[in-house]
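Some notes on the structure that comes next.
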Amino acid sequence: MTTTVLRTTLIRALGLWLLTGVVLLTLSDSILAACPCNYTPAALIKVIDAETAWFDIQGKKTRVHLWGIHSPAKAAVEDHSPGCAAEVEQAHQAEQFVRQLLASATRIQLDIKATENEADTQAVIYVDGLSVGQELLYRYLAIEYGDDRSFWCRPKKQ
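So the sequence shown is residues 17 to 174, counted in the working numbering.
Written as structure tokens, this is what we have:
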């Protein structure tokens, strides 16, 4: 008798979990559709480097800097050590990655964080739902803003 009661209880619990999963899956589209996100659509004009690009935003040419990340500079550096040469190469890889990602996008959206003047903006850039900054971080092609950059090579002064 105890085994039967236990089995019945487990079957009911499993059924409840399955029903809950089905309900959540059914509602997930409705929940996502109700997202209060207010992203701004944008069209790519030109990539400047891994963290800066020009976009057409509602008919205005706007320079957008990636919010929250830093990538290595591709400029010539004072130190000609192998480490600095590798950093310059990493900067080129980061720029190439961003170039390819933005060029292949079917949808670009901006989560604008700050506007310094009419044509200079800081934003999280989303390409087909992916954060460009996060993708750079995942590939070790950038660091988060505020992280220590003292280990990076210093660009040559012009």
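Yeah, the Cβ is synthetic: ideal placement off N, Cα and C, and Gly gets one too.
Beta-carbon separation (whole angstroms), residue i vs residue j, contact threshold 8 Å
i    : j   : result
A158 : A66 : 7 Å
According to DSSP, residues forming a beta bridge with residue i
i    : result
D136 : R79, N133
Q125 : P57, Y142
K90  : Partner(s): none; K90 has no beta bridge.
Own chain residues within Cβ distance below 7 Å of residue i, not counting five before or after
i    : result
K90  : D65, V104, A107, H108, E111
K77  : I61, W70, A135
D72  : A58, A59, I61
I128 : T56, T137, A139
V148 : L82, V114, L117, I141
Through-space distance from residue j to residue i, alpha-carbon basis
i    : j    : result
E151 : P88  : 15 Å
R115 : V63  : 6 Å
Q74  : V140 : 17 Å
W83  : I124 : 15 Å
T68  : L146 : 17 Å
E160 : H81  : 13 Å
G162 : I85  : 8 Å
Cutoff 8 Å; reference residue i; Cβ partners in own chain excluding five residues on either side
i    : result
A15  : Given a span of 17 to 174 for the chain in the structure shown, any question on residue 15 remains unanswerable.
Y154 : none
E132 : Q138
Buried or exposed (CB count within 10 angstroms, at least 16 for buried), residue i
i    : result
A119 : exposed
Same chain only: Cβ atoms within 6 Å of residue i, ignoring 5 sequence neighbours per side
i    : result
A130 : Q138
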